[in-house]
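So the sequence shown is numbered by my numbering: it starts at 3 and just counts up by one.
We put the beta carbon where it would ideally sit given N, CA and C, even for glycine.
Here the structure is a predicted model, which means the values were calculated and not measured.
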Amino acid sequence: MKKPGVSSIQVIDRAVNLLDALAAEADPMSLKVLSAETQLHPSTAFRILASLTAHGFVERTDNGRYQLGIKLFKYASRVHEKVDLLQQAKPVMERLRAEVDETVNLSVREGDEVVYIERTTPNRMMRVDQLIGSRAPLHVTAVGKLFLAEGGQKTCGDYARRTGLPRYTPNTITDAVKLWVDVEAAQQRGYAYDNEELEQGVSCVGVPIRDNQGAIVAGLSISAPRARRREDWIQLIQRAGAEISNRLGHTSKAA
């Protein structure tokens, strides 16, 4: 039920109440019982259930009863994958942070952005903090470039046209051709750089994390003031990225 004082959209509240009622029972439920459980008029409940059924959130059995639909299980699987990713990545990230004494980030792609979902930070005053939940465009982040590389040149070009490649610092790549050259080089190396492209003075090196199908599901990166970035981090972060990938079922060996 909706919490008191929380603004909402009535039809969404009613749909959620119906889903909650279905989730509370192991067996399919009749319209009459659902109507009573949610205190909705049968005609109202029927219309909402029909819409939920059309979108795959609810299924109607042969005898006219209702149960949760397969689409919800697909969504639940995605949530499980993210939780599993965090569980597998965190100890590796903490070890890498101890090795480099800089901020280590875990990020995923959502649309045309990367979203930072986990981080480990060093115990030092001057450090780079990427807040959990913060976002950044693909073309100005190391991990974002790896996601663009995975899609190929056409996908990268489509992204460039769609976003216009906005500039954030003098180092931001705002030309589609130059972006693809940088992205393709990152793909061939197996790691990418953010050379002060999002924030002046801040640099980043990132590697992909792959699942058991070989697809990039996330990226691991080290962020630091540009003056402190070291090339010997590359082997360390590649090894860490490979270990997380292996934990997720990817078959490649650690670097």
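Check	Outcome
In the DSSP assignment, find the alpha helix (DSSP H) that holds Q189 and state where it starts and stops.	A178 to R191
Verify whether the separation of the beta carbon atoms of G251 and I211 is less than 7 Å.	no
Are the region 188–206 and the region 215–229 in contact at 8 Å, needing three or more beta carbon pairs?	yes
Assuming V204 is part of the beta strand (DSSP E), what are its boundary residues?	V204 to R212
Thinking C-alpha only, which one of E199, R241, A194 and Q89 is nearest A144?	A194
Any heavy atom of the ligand NAP closer than 6 Å to the CB of A28?	With respect to the ligand NAP, the structure offers nothing, as it holds no ligand at all.
How big is the Cα-Cα spacing for D86 and L42?	38 Å
Check whether the Cβ atoms of L36 and A47 lie closer than 7 Å to each other.	yes
According to DSSP, which residues form a beta bridge with V145?	Note: V145 sits in no beta bridge, so no partner.
For I50 and E112, what's the separation of their Cα atoms in angstroms?	29 Å
Okay, do the region 9–25 and the region 66–74 touch, 3+ Cβ pairs below 8 Å being the bar?	yes
Under a Cβ-count criterion, where at least 16 other Cβ atoms within 10 Å of its own Cβ denotes burial, should G66 be classed as buried or exposed?	exposed
By the 10 Å Cβ neighbour count, where 16 or more other Cβ atoms means buried, how is I218 classified, buried or exposed?	buried
Per DSSP, what kind of secondary structure is N19 in: helix, strand or coil?	helix
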